[in-house]
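Trainee: Got a structure for you, written out below as structure tokens; questions coming shortly.
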Amino acid sequence: MDAAHPAIAGAPAGSNAPVAPRALFESSGVKALLDKLDAELIGLAPVKGRIRDVAALLLIDKLRAEQGLQSTPPSLHMSFTGNPGTGKTTVAMRMAEVLKQLGYVRKGHLVAVTRDDLVGQFIGHTAPKTKEVLKRAMGGVLFIDEAYYLYRPENERDYGQEAIEILLQVMENQRDDLVVILAGYKDRMDTFFGSNPGMASRIAHHIDFPDYSQAELMQIAQLMLGGLNYRFDADAEGAFAKYVHLRRAQPHFANARSIRNALDRIRLRHATRLFGSNEALSREQLTTLQAEDILASRVFGERSKEATHEH
Amino acid sequence: MMTNTGQRVTQGQFSFLPALTDAQITKQIEYALGKNYAVGIEYTDDPHPRNTYWEMYGNPMFDLKDPAGILMEINACRKTFPNHYIRVTAFDSTQGVESVRMSFIVNRPKDEPGFRIVRTEGAGRQMHYSIESYAVQDRSEGTRY
């Protein structure tokens, strides 16, 4: 299989005028792709930076190829570390699309697995199971969530190591057929890589997903509401900002996922508020969330540190 | 004049062409996947033309999107059975068709001795003809090539 990237249209081969990178950036559709990513994913500066680097390499490779220079695709295996709800799975799905549009993977589908899908229950079960998953993922991205569960050194009857061996072999030998993305919490992934130097050396990109800031969480909430055809009125926005501020201080805060749960509960209260109405509801009423829907939350009542449930 | 003097089994597609390279096989599988066919791999060491049902190497791959995975399986099959006939089949499951659309051989034994005519004389010196592979004759599976 040749290593060319045919997906990006640019200056036709053999044209005499050398094209400037910025012009190629716009004409090849890469700019539109990155702008779309910027709009739809809030925050995540390290991730966007890395994607920008990969896109830049693609364009420069094109220009090098026109001059007759070597251009092999880079190793794209990645590791995403971060707290829950910071967007690791979401970005992995987008990564598959982005890499397909940039031309680094052929089909751009995502196969998301955990340890159970790779490791067998008895001797001889693991290899076919892992190979099936790898076959399905070829031409796209394999996303392994909670990758550290693959390695259980304290249990010698565990077959996770076999799955790791097969993965390592395919990651090395079929680099242009498959991109592997591992994900998990930072400290446990560090332990995992420490005990599997082979795996660590094959992962070229270690990307950390920082927790979202207050402003970013508000933006995420607005984006989610827009997608669900709701909106906050002026008071509700202020109330929600306060809610987020209080909730962040409480334990077990799961970033974007907690925001989504909070919005779901707000929608429930909104529905209950309108439920008993005797008149027909206007479009305005059906879509506007008000401050009282938010302030009913227990987060405003209890300041107790023992609160472990979301409310 | 015979185009095939009996040495090279000409069953399935592309059998009169020289052996397909991996790149060409990939293109064929790409075509089959594009048409949503289920691609399967089969092997045998009995080359008789009436031998329709070869042994299956794993299940047909319904859910693959990319030929690289199937090529991996083909190479594994070649390593396991280097001296058997291996073919790739593509099954079309659309209603009304439900049959094999493509079938081509991707691996052959090094030595293909061909077929001989078996003549059986019946009542009143009536001749019945059939063919038999030199490789098979009375040898058991696995010991033929």
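If you read the sequences in order, they're chains A and B. For the first sequence, the positions run 6 to 316 when this note's numbering is used. For the second sequence, the positions run 33 to 177 when this note's numbering is used. Every residue, glycine too, gets a C-beta built ideally from N, C-alpha and C.
(1) Counting only beta-carbon atoms, is E153/B nearer than 9 Å to chain D?
(2) Can you tell me whether DSSP reads E208/A as helix, strand or coil?
(3) Residues of chain A with CB under 9 Å from M88/B, in chain order?
(4) Regarding L230/A and the ligand ATP, is the C-beta to nearest heavy atom distance less than 8 Å?
(5) Residue range of the alpha helix (DSSP H) that Y117/B falls in?
(6) Let me check understanding here. Comparing Cα to Cα, which of Q166/A, V146/A and M143/A lies closest to Y154/A?
(7) With a threshold of 16 other CB atoms inside 10 Å of the CB of Q169/B, please say whether the residue is buried or exposed.
(8) Within 10 angstroms of its Cβ, does K67/B collect 16 or more other Cβ (buried), or is it exposed?
(9) Could you round the C-beta distance between A117/A and T94/A to whole angstroms and report it? I think they count as a contact, below 8 Å.
(10) With a cut-off of 9 Å, does the C-beta of D182/A fall near any C-beta of chain B?
(11) What in chain B is Cβ-close to Q174/A, meaning under 7 Å?
(12) Along chain A, in chain order, which residues have C-beta atoms closer than 7 Å to that of M104/B?
(13) Less than 9 Å between the C-beta atoms of T86/A and I171/A, yes or no?
(14) Report the residues of the region 144 to 172 of chain A with a CB closer than 9 Å to any CB of chain B, ordered along the chain.
(15) Tell me which residue opens and which closes the alpha helix (DSSP H) that S135/B is part of.
(16) For the alpha helix (DSSP H) containing H160/B, name the first residue and the last one.
(17) What is the DSSP secondary structure of R303/A, reduced to helix, strand or coil?
(18) Residue ranges of each alpha helix (DSSP H) run of no fewer than 4 residues wholly in the region 215 to 248 of chain A, ordered along the chain?
(19) Please name the residue, chosen from N201/A, L291/A and G306/A, that lies closest to K369/A on a Cα-to-Cα basis.
(20) If the cut is a Cβ gap below 9 Å, which residues of chain A does L96/B touch?
(21) Cβ atoms of Y156/A and N88/A: under 9 Å apart, would you say?
(22) In whole angstroms, give me the CA-to-CA distance for V146/A and Y63/B.
(23) Give the DSSP-derived three-state secondary structure of M143/A in the structure shown.
(24) With DSSP as the reference, please indicate the residues paired to A188/A in a beta bridge.
(25) For K112/A, return the contacting residues in chain B, with the cut-off set at a CB-CB distance below 8 Å.
(26) Would you decide whether P79/B is buried or exposed? Buried here means 16 or more other CB atoms lie within 10 Å of its CB.
(27) From the beta carbon of D170/B, is the nearest beta carbon of chain A less than 9 Å away?
(28) Can you tell me which residues form a DSSP beta bridge with T293/A?
(29) Between which two residues does the alpha helix (DSSP H) holding A276/A run?
(30) When we look at the beta-carbon of V129/B and count the other beta-carbons within 10 Å, is it buried (16 or more) or exposed?
(31) Considering V118/A, what are the terminal residues of the alpha helix (DSSP H) in which it resides?
(32) Please confirm whether G101/B has its beta-carbon closer than 9 Å to some beta-carbon of chain A.
(33) Could you give the distance in angstroms between the alpha-carbon of N107/B and the alpha-carbon of S135/B?
(34) What are the start and end residues of the beta strand (DSSP E) that includes E74/B?
(35) Would you call the CB atoms of E74/B and I118/B closer than 9 Å?
(36) With I56/A and V103/A assumed to form a contact (beta carbons below 8 Å), what rounded beta-carbon distance in angstroms separates them?
Mentor: Taking the definition as stated:
(1) Of the chains in the structure shown, none is chain D; the protein chains are A and B.
(2) As a position in the first sequence, residue 208/A is number 203, starting the count at 1. For the sequence presented, residue 208/A should be read as Ile rather than Glu. I208/A falls in the coil class under three-state DSSP.
(3) Taking the first residue of the second sequence as 1, we reach residue 88/B at position 56. Within chain A, no residue comes near M88/B; the closest Cβ sits about 14 Å away, beyond 9 Å.
(4) Inclusion of the ligand ATP in the displayed structure is not the case, the ligand content being empty and no account of it being possible.
(5) For the purposes of this step, residue 117/B is taken as residue 85 along the second sequence, with counting starting at 1. Unbroken run through Y117/B is the beta strand (DSSP E), Y117 to D124; no alpha helix (DSSP H).
(6) Numbered from 1 along the first sequence, position 149 holds the residue referred to as residue 154/A. For the residues Q166/A, V146/A and M143/A, the minimum Cα distance to Y154/A belongs to Q166/A.
(7) Taking the first residue of the second sequence as 1, we reach residue 169/B at position 137. Counting of Cβ neighbours within 10 angstroms places Q169/B among the exposed residues, the total staying below 16.
(8) Translated into positions along the second sequence, residue 67/B becomes position 35. With fewer than 16 other Cβ atoms within 10 Å, it is exposed.
(9) Translated into positions along the first sequence, residue 117/A becomes position 112. Translated into positions along the first sequence, residue 94/A becomes position 89. Right, their Cβ atoms sit about 7 Å apart.
(10) Reading the first sequence from its first residue, position 177 is the one you call residue 182/A. Contact with chain B is found for D182/A, since one of that chain's Cβ atoms lies less than 9 Å from the residue's Cβ.
(11) For this step, residue 174/A is matched to residue 169 along the first sequence. Those within 7 Å of Q174/A in chain B number zero; the least Cβ separation is about 11 Å.
(12) In the second sequence, counting from the first residue as 1, residue 104/B sits at position 72. Simply K140.
(13) Taking the first sequence and counting its residues from 1, the one referred to as residue 86/A is at position 81. Taking the first sequence and counting its residues from 1, the one referred to as residue 171/A is at position 166. The answer is no: Cβ separation not under 9 Å.
(14) G144 and G145
(15) The count along the second sequence starts at 1 and reaches residue 135/B at position 103. Run containing S135/B: none in the alpha helix (DSSP H); it sits in the beta strand (DSSP E), S131 to N139.
(16) Translated into the one-based positions of the second sequence, residue 160/B becomes position 128. Careful: H160/B lies outside any alpha helix (DSSP H), inside the beta strand (DSSP E) at M159 to S165.
(17) Position 298 of the first sequence, counting from 1, holds the residue named residue 303/A. Three-state DSSP puts R303/A in coil, outside helix and strand.
(18) DSSP runs (the alpha helix (DSSP H)) wholly in the region 215 to 248 of chain A: 219 to 232.
(19) Outside the displayed range of chain A (6 to 316) lies residue 369/A, so it cannot be described from this structure.
(20) For the purposes of this step, residue 96/B is taken as the residue at position 64 of the second sequence. Result: K140, R141, M143 and G144.
(21) As a working note, residue 88/A is residue 83 in the first sequence. As a working note, residue 156/A is residue 151 in the first sequence. Not in contact: N88/A and Y156/A (Cβ atoms no closer than 9 Å).
(22) The count along the first sequence starts at 1 and reaches residue 146/A at position 141. The count along the second sequence starts at 1 and reaches residue 63/B at position 31. Near 22 Å, if we compare the C-alpha coordinates of Y63/B and V146/A.
(23) Counting from one through the first sequence, the residue named residue 143/A turns up at place 138. Reduced to three states, the DSSP call for M143/A is coil.
(24) Here residue 188/A refers to the residue found at position 183 of the first sequence. A188/A pairs with F85/A and D150/A.
(25) Working through the first sequence from its first residue, we reach residue 112/A at position 107. Those within 8 Å of K112/A in chain B are K97 and D98.
(26) For the purposes of this step, residue 79/B is taken as the residue at position 47 of the second sequence. So P79/B counts as buried.
(27) Taking the first residue of the second sequence as 1, we reach residue 170/B at position 138. No, its Cβ sits nowhere closer than 9 Å to a Cβ of chain A.
(28) Within the first sequence, numbered from 1, the residue matching residue 293/A stands at position 288. The partner list for T293/A (beta bridge, DSSP) reads R236/A.
(29) Taking the first sequence and counting its residues from 1, the one referred to as residue 276/A is at position 271. Segment N260 to F280, the alpha helix (DSSP H) holding A276/A.
(30) For the purposes of this step, residue 129/B is identified with residue 97 of the second sequence, where counting begins at 1. V129/B is exposed by the Cβ-count criterion.
(31) Counted from its first residue, the first sequence places residue 118/A at position 113. Here V118/A belongs to no alpha helix (DSSP H); instead the beta strand (DSSP E) covers L115 to V118.
(32) On the second sequence, residue 101/B is found 69 positions in, with the first residue counted as 1. At least one chain A Cβ lies under 9 Å of G101/B.
(33) Looking up residue 107/B in the second sequence gives position 75. Looking up residue 135/B in the second sequence gives position 103. C-alpha separation (whole angstroms): 17 Å.
(34) Your numbering for residue 74/B matches position 42 in the second sequence. Note, E74/B: beta strand (DSSP E), A70 to T76.
(35) Here residue 74/B corresponds to residue number 42 of the second sequence, with the count starting at 1. Here residue 118/B corresponds to residue number 86 of the second sequence, with the count starting at 1. Contact flag set, yes.
(36) Within the first sequence, residue 56/A is the residue found at index 51, counting from 1. Within the first sequence, residue 103/A is the residue found at index 98, counting from 1. About 6 Å separates the two Cβ atoms, so the contact holds.
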